[in-house]
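Participant: Add 1139 to a position in the sequence shown, counting from 1, and you land on the number used in our numbering.
C-beta atoms are modelled at their ideal positions from N, C-alpha and C, and glycine is treated no differently.
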Amino acid sequence: MITPGNNDVQCILHIENFDGPLDLLWDLIKKSKIEITQVSIADITQQYLDYLKLMESINIPVAMEFIVMASELLYYKSKALLPGADIGDEFFVPPLPPELIQKLLEYKKYQIASKNLLKLHEMQSDVFTRQNVPITVEGDVYIEVNLFDLLNAFVDVLEAEKEIEQQRIVFDEILVSDRIMLLVSILHERDKIEFHEMFTQNPGKMEIVVTLLALLEMTRIGAIAVLQHAQFGNIYIFKKDLDKVDILH
1140 MITPGNNDVQ CILHIENFDG PLDLLWDLIK KSKIEITQVS IADITQQYLD
1190 YLKLMESINI PVAMEFIVMA SELLYYKSKA LLPGADIGDE FFVPPLPPEL
1240 IQKLLEYKKY QIASKNLLKL HEMQSDVFTR QNVPITVEGD VYIEVNLFDL
1290 LNAFVDVLEA EKEIEQQRIV FDEILVSDRI MLLVSILHER DKIEFHEMFT
1340 QNPGKMEIVV TLLALLEMTR IGAIAVLQHA QFGNIYIFKK DLDKVDILH
């Protein structure tokens, strides 16, 4: 039997000798409070598939978490069933291909980062920000974009992408360093970039989050300035000192 969690995201398992979420089951197995050989991976998988049907659509973050954790369960169970096996082996090698595992873990990392962005967005109304000082660039007047204005822009992109992302599994690896170098190459040719020009036509969640991390890092070292014409106006990325990007290598 399957039961949705309180936040409608957590999968609650009901199997012999255990009732609770998958992550708790995994924690108990690692602490040897539940015998791994008594856990039916088939039952867990079937209940999870029933859970996805209950949700009426495949939730990608939940699917990624399940695949990684289920692969670990399979690994430990297979070792436990072998004579003389030591399930405390530090050199854990899950049964899935290493390349897939790495990409799943990368996806999970950026998924957590995107959730943190949304939390910061929700906190915005409780945070006092200083008055923006006008900045003149080539005759046009701008104001400096504060962190929450930037988060607002990224949250809008994330929200627009949500429905597409729910139906797509893409494991393209995007590194922050790669995104920084892309922005540097564009700014070598132009003085400024409009915010939405930084993204492909249908950016995935990973691309969106990595782009934000790249912008924050480049702003921190003084390589770029992020400005807008007025409060809630269009956001632009101006080059300042692109040579400072070299200190990141």
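How far does the beta strand (DSSP E) with residue 1331 in it reach, from first residue to last?
Facilitator: 1331–1333 is the extent of the beta strand (DSSP E) around residue 1331.
Participant: Whole angstroms is fine: what's the gap from residue 1327's alpha carbon to residue 1292's?
Facilitator: If I take the Cα positions, the gap works out to 24 Å.
Participant: Beta carbon of residue 1296, beta carbon of residue 1338: below 8 Å?
Facilitator: Contact flag set, yes.
Participant: Taking 7 Å as the limit between beta carbons, can you name the residues of its chain near residue 1340, skipping five residues before and five after?
Facilitator: Taken in chain order, the list of residues that qualify is empty.
Participant: Excluding the 5 residues flanking residue 1376 on each side, which residues of the same chain have their C-beta closer than 6 Å to its C-beta?
Facilitator: Contacts found: 1332, 1363, 1365.
Participant: For the beta strand (DSSP E) that contains residue 1363, what are its first and last residues?
Facilitator: Looking at the DSSP string, the run of the beta strand (DSSP E) that includes residue 1363 is 1363–1367.
Participant: Which residues in the same chain as residue 1322 place their Cβ atom closer than 8 Å to its Cβ, once the five residues preceding and following it in sequence are excluded?
Facilitator: Here the set comprises 1332, 1337, 1353, 1354, 1357, 1363, 1376.
Participant: Residue range of the beta strand (DSSP E) that residue 1376 falls in?
Facilitator: Element bounds for residue 1376: 1374–1378.
Participant: Taking residue 1317 as the reference, which of 1346, 1374, 1361, 1373 has the closest Cα?
Facilitator: Nearest C-alpha to residue 1317: 1346.
Participant: Since I believe residue 1374 is in contact with residue 1284 (beta carbons under 8 Å), could you give me their beta-carbon distance rounded to a whole number of angstroms?
Facilitator: Yes, they are in contact, since the Cβ atoms of residue 1284 and residue 1374 sit about 6 Å apart, within 8 Å.
Participant: Three-state secondary structure (DSSP) at residue 1232?
Facilitator: Residue placement at residue 1232 cannot be trusted, given a pLDDT of 43 that sits under 50; the coordinates are not used to answer.
Participant: At the level of alpha carbons, what is the spacing between residue 1383 and residue 1320?
Facilitator: Approximately 12 Å between the Cα atoms of the pair.
Participant: In the DSSP assignment, the alpha helix (DSSP H) including residue 1383 goes from what residue to what residue?
Facilitator: That residue, residue 1383, is in no alpha helix (DSSP H); it is neither H nor E in DSSP.
Participant: Going straight from the alpha carbon of residue 1325 to that of residue 1372, what length do you get?
Facilitator: If you take the alpha carbons of residue 1325 and residue 1372, they lie about 22 Å apart.
Participant: To the nearest angstrom, report how far apart residue 1379 and residue 1361 are at their CA atoms.
Facilitator: Cα to Cα, the separation comes out at about 7 Å.
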